[in-house]
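Which chain is which? The protein sequence lines are Z and D, in order. Under the numbering used here, residue 501 is the last one in the first sequence; the count climbs by one each step, no gaps. Under the numbering used here, residue 501 is the last one in the second sequence; the count climbs by one each step, no gaps. Beta carbons are placed, not taken as given, at the ideal position from N, Cα and C, and that holds for glycine. To start, the structure itself, in structure tokens.
Number of protein chains: 2
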Amino acid sequence: MMSGATIEGPTALSSSFLGEIRQIVGAGNLKEGEAIAALDYGVAAGNLGATAVVLPASTEEIAAIVRCALAHRVPIITQGGRTGLVGGGLSSPGQLVLSTSRLNRIVQLSPIERVAVVEAGVTLQSLQAASAEHRLEPGIDLPSRGSATIGGMVSTNAGGISAFRYGVMRHRVLGMEAVLPDGSIYSDLTRVVKNAAGYDLKHLFIGAEGTLGIVTRIALKLEPLPAATATALFGLPSVAAALDVTNSGLAVHHGHLRAAEAIWRSYFQLTSSEHLWSAVDYDPNHPVNLLISLGGGDEEQLQMELAQIYEKVAEKYPEISAVVAASQAQEAQLWRLREDTDLIYRKHAGAPSYDISVPLSEIDSYLRRCLSELHRIDPQFDPYVFGHLADGNLHIVLNASAANMPPEKTAAVEAVLYGGIAAIGGSFSAEHGIGSKRVHSLRETADPTKFAFMKQIRAAIDAASILNPRKVTG
Amino acid sequence: MMSGATIEGPTALSSSFLGEIRQIVGAGNLKEGEAIAALDYGVAAGNLGATAVVLPASTEEIAAIVRCALAHRVPIITQGGRTGLVGGGLSSPGQLVLSTSRLNRIVQLSPIERVAVVEAGVTLQSLQAASAEHRLEPGIDLPSRGSATIGGMVSTNAGGISAFRYGVMRHRVLGMEAVLPDGSIYSDLTRVVKNAAGYDLKHLFIGAEGTLGIVTRIALKLEPLPAATATALFGLPSVAAALDVTNSGLAVHHGHLRAAEAIWRSYFQLTSSEHLWSAVDYDPNHPVNLLISLGGGDEEQLQMELAQIYEKVAEKYPEISAVVAASQAQEAQLWRLREDTDLIYRKHAGAPSYDISVPLSEIDSYLRRCLSELHRIDPQFDPYVFGHLADGNLHIVLNASAANMPPEKTAAVEAVLYGGIAAIGGSFSAEHGIGSKRVHSLRETADPTKFAFMKQIRAAIDAASILNPRKVTG
């Protein structure tokens, strides 16, 4: 499936090119051969398949690198934390990887404005830590926070657990600086939410996975960090019941809903049994489990809100289970039931995974249809399903290893999961992007006008195909 | 200043072109001559300067009109409510105005998803009314709600009073359908917040003022409509004090901040004296007045929150005044002090007005500098200043009629107000857009790379310059 990432053209870099790059960044910041092998390749070894890796320290150095690469027709693969799941960072011989790891400064953090200006290589976790000193948070969170960079999260339009409340990365970005494929510097580092001064072209770079420009600095909105949180796990009979709980969470009087994460039965049984988790009166066989977290000023009041939600929902659905975390340790245990997805891949090597956005009113019928049709493809299929219920983002992972999936079976599964998803107002790729892995699916499922328009825009911006060639639009 | 809107080329439309358009929409939906004069031109008579006005009823009709206009090289000026303040809708002989007024259906309104799908010509007010039936609201509000259309608000990336909380129009749009300059239909009507399926090119049409495509349908996020609201007016010594009140409003435990509108002294004195507004112990001479509104479940609790804010702020600034509205009628009276901007224009015909975004930490020094430098240009200048404090959007209107402003004086004023605004992270055009009136200022103040990139994108998308020529980028 990664064949879309294979690049034609020279599979080496000329010594004159490498010499010029060395001039720009200093010899120590251009890695080749053994020195590349010493770097952390992140999610996939193929991320570091390039001939050389350059580590610039400034926007000006990046602009100079791009101009040099353009002159020599060398493709640039920009990489942040190398945590992407769809092969957006894969590189091959003859290419240059540009790592943003040295662009790691928080340039400005204003508590009055609730805005941070950061370089692209700052990790989410370090921005979270710096924001927390002012009782603020970035308004976006995801499990790879320790390595995922803000630049990478902008380039992939990252989502995560708070998107229903604070939006995806696109909605967090106020201003941006980026290097265009001709090596010029696009400078629009506003720190205001209102800006109607012409086309807002920074949105071209958001979610473009490094194909239209290289994001170098970002001004981001921050949000108040609540003084207290409270978390409960509900065992529920249906998606409708889980949406009822979510709506009650959205309507609390004290504090606000921070997360509403759904865990369907088979995934819940996997994580709860592996972590030996159980609770008195909590039946592990509910069709859907919902983890909800509230944030606010006072933990006790938040726990009372959770108790009230339980009472209200139990009136309508008497068969539910619920447990409220009584400590931060218990809260962390409940979150592990949702977040420890590694358990799946340890059991099923390379299990095919999907990342679907479904409008809330369509989740139930979508899942019913898919599960029944998947069962028809292979009666052994009992996929792990979990995700961000409040925004309709479902993660669906097959209980099958990659080795057991011939291409035609994979194609049949995709036809089930992606078929009609646009017609019901959803998206076949919610938050992981397209990279190399999903190029063929984008081509097959996108509105033809939309897909042609993407290619037209890309050709207009990067006529020489210097930036991350073959990714996203193919 | 409107000279940028003058279009070269034929100043009439051929009968063959008009005949083809009549074929598409029916004779009754193509207006010429007298029939145009009977239409409401909105903010400026020049909006209806075109030879003909077409009123299509569907996306397909619009696509056919665009293909026909392209073949005949006739410019199309798309219009919604004709409420724009910067001449984005101005039209001239030889052009075709395309009105979205017949695209006025709310296609879908889902309380479960909290999403509406509307045609472009639906007014904000009718969407507000339809949403309110489900105790929802569009999350965006502005005084021209009765005539402003959703399509127009998308095309201008409208802001208003709720942007600090719910974002600007760009942040409200989930999905879109639009007609491209070649007459093809871009279809991306997703109803989900997470969509990483390739470039999100709908953002090109948002805020493009009808120059890159014609927005035909929009899927919009809705927000819960609070059961109760409470409003107070504070008289304060400084911007710092007003930001303190705003922050206290953001941190209330019951409900949430809905609006924080600042009214500087001279505008306050104008509206309060014209409306004969006064309140016991409310000193009308405070440097800044701040109108704040809370929304939540219980009016009494919200009013208690306002009283607590007063007590907290009065400890720090003992000289403040405050009045809490005791009824909806009093609430409306307070809002009139902020919103009745017509009073200015009745006193100073065509008073030059500016719409600036300033990062919160820069507002005080920005205003001090500007007021002092304006005073140096003309000692009679005592501008009316008011705006959306929580997002830093200042409206500045000169106490001078257009007749008293020779071009070099206007240029000097712009140099003061726009000078250095990008360097401090703001924007010279916050929410009104560029239209024809601000083209020269955009050209003069924009980052050259950014401006060149805008022109490059426009040329790539609309090579024949069919859509709203000369607007925005010139």
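For residue i, does the count of other Cβ atoms within 10 angstroms reach 16, so buried, or fall short, so exposed?
i             : result
residue 318/D : buried
residue 489/D : buried
residue 503/D : Here chain D comprises residues numbered 28 to 501, so residue 503/D is not present and cannot be evaluated.
residue 236/D : buried
residue 46/D  : exposed
residue 50/D  : exposed
residue 162/D : exposed
residue 468/D : buried
residue 19/Z  : With chain Z represented from 28 up to 501, any question about residue 19/Z goes unanswered, as that position is not in the structure.
residue 62/D  : exposed
residue 195/D : buried
residue 100/Z : exposed
residue 312/D : exposed
Alpha carbon to alpha carbon, what distance is there between residue j and residue i?
i             : j             : result
residue 365/D : residue 169/D : 12 Å
residue 174/D : residue 186/D : 16 Å
residue 492/D : residue 232/Z : 25 Å
residue 280/Z : residue 219/D : 26 Å
residue 90/Z  : residue 215/Z : 16 Å
residue 389/D : residue 340/D : 21 Å
residue 501/D : residue 48/D  : 27 Å
residue 431/D : residue 253/Z : 53 Å
residue 32/D  : residue 116/D : Unreliable placement is indicated for residue 32/D, whose pLDDT of 43 sits below 50; no coordinate value is reported for it.
residue 257/D : residue 287/D : 12 Å
residue 459/D : residue 263/Z : 48 Å
residue 198/D : residue 457/D : 15 Å
residue 347/Z : residue 394/Z : 21 Å
residue 30/D  : residue 238/D : Here the model assigns residue 30/D a pLDDT of 41, short of 50, so the residue's position is not dependable and the matter cannot be decided.
residue 439/D : residue 494/D : 32 Å
residue 227/D : residue 203/D : 10 Å
residue 417/D : residue 273/D : 7 Å
residue 392/Z : residue 205/D : 29 Å
residue 40/D  : residue 82/Z  : 59 Å
Answer yes or no: do residue i and residue j have a C-beta to C-beta separation smaller than 9 Å?
i             : j             : result
residue 244/D : residue 88/D  : no
residue 123/D : residue 138/D : no
residue 484/D : residue 476/Z : no
residue 38/Z  : residue 165/Z : no
residue 246/D : residue 284/D : no
residue 56/D  : residue 106/D : no
residue 12/D  : residue 454/D : This structure cannot settle anything about residue 12/D, because the visible part of chain D is limited to 28 through 501.
residue 72/D  : residue 129/D : no
residue 104/D : residue 65/D  : no
residue 18/Z  : residue 420/D : For residue 18/Z there is no data in the structure shown, the boundaries of chain Z being 28 and 501.
residue 330/D : residue 351/D : yes
residue 293/Z : residue 375/Z : no
residue 278/D : residue 325/D : no
residue 260/Z : residue 361/Z : yes
residue 217/Z : residue 177/Z : no
residue 397/Z : residue 466/Z : no
residue 92/Z  : residue 125/Z : yes
If the cut is a Cβ gap below 7 Å, which residues of chain Z does residue i touch?
i             : result
residue 372/D : Neighbours of residue 372/D on chain Z: none; closest Cβ ~21 Å, over 7 Å.
residue 235/D : 226
What in chain Z is Cβ-close to residue i, meaning under 9 Å?
i             : result
residue 483/D : 487 and 488
residue 500/D : 225 and 226
If the cut is a Cβ gap below 7 Å, which residues of chain D does residue i touch?
i             : result
residue 467/Z : What residue 467/Z touches in chain D: nothing, since even the nearest Cβ is about 12 Å away.
residue 444/Z : None at all; the shortest Cβ gap to chain D is about 13 Å.
residue 377/Z : Ordered by position in chain D, no residue passes the 7 Å Cβ test against residue 377/Z, which lies about 21 Å from the chain.
residue 456/Z : 223 and 224
List, in chain order, every chain Z residue whose beta-carbon is nearer than 8 Å to that of residue i.
i             : result
residue 474/D : 213, 214 and 215
residue 190/D : 220 and 221
Residue i versus chain D: which residues are under 8 Å apart at the beta carbon?
i             : result
residue 459/Z : 223
Please compile the residues from chain D whose C-beta is within a distance smaller than 9 Å of the C-beta of residue i.
i             : result
residue 140/Z : 386, 387, 388, 389, 419 and 452
Quick check on the DSSP output: what are the complete beta strand (DSSP E) runs of length 3 or more inside the stretch 309–350 of chain Z, in order along the chain? Runs of the beta strand (DSSP E) inside the stretch 309–350 of chain Z: 315–323.
Start-end ranges of the alpha helix (DSSP H) lying completely within the stretch 429–493 of chain D, minimum 4 residues: Runs of the alpha helix (DSSP H) inside the stretch 429–493 of chain D: 434–445, 466–472 and 475–488.
Within the stretch 247–302 of chain D, note down every full alpha helix (DSSP H) run reaching 4 residues or more, in order along the chain. Restricted to the stretch 247–302 of chain D, the alpha helix (DSSP H) segments that are unbroken, complete and at least 4 residues in length are 266–277 and 292–301, listed in chain order.
Unbroken stretches of the alpha helix (DSSP H), 4 residues or longer, contained in the stretch 174–262 of chain D: The stretch 174–262 of chain D contains these whole alpha helix (DSSP H) runs: 177–182, 190–193, 196–199 and 229–232.
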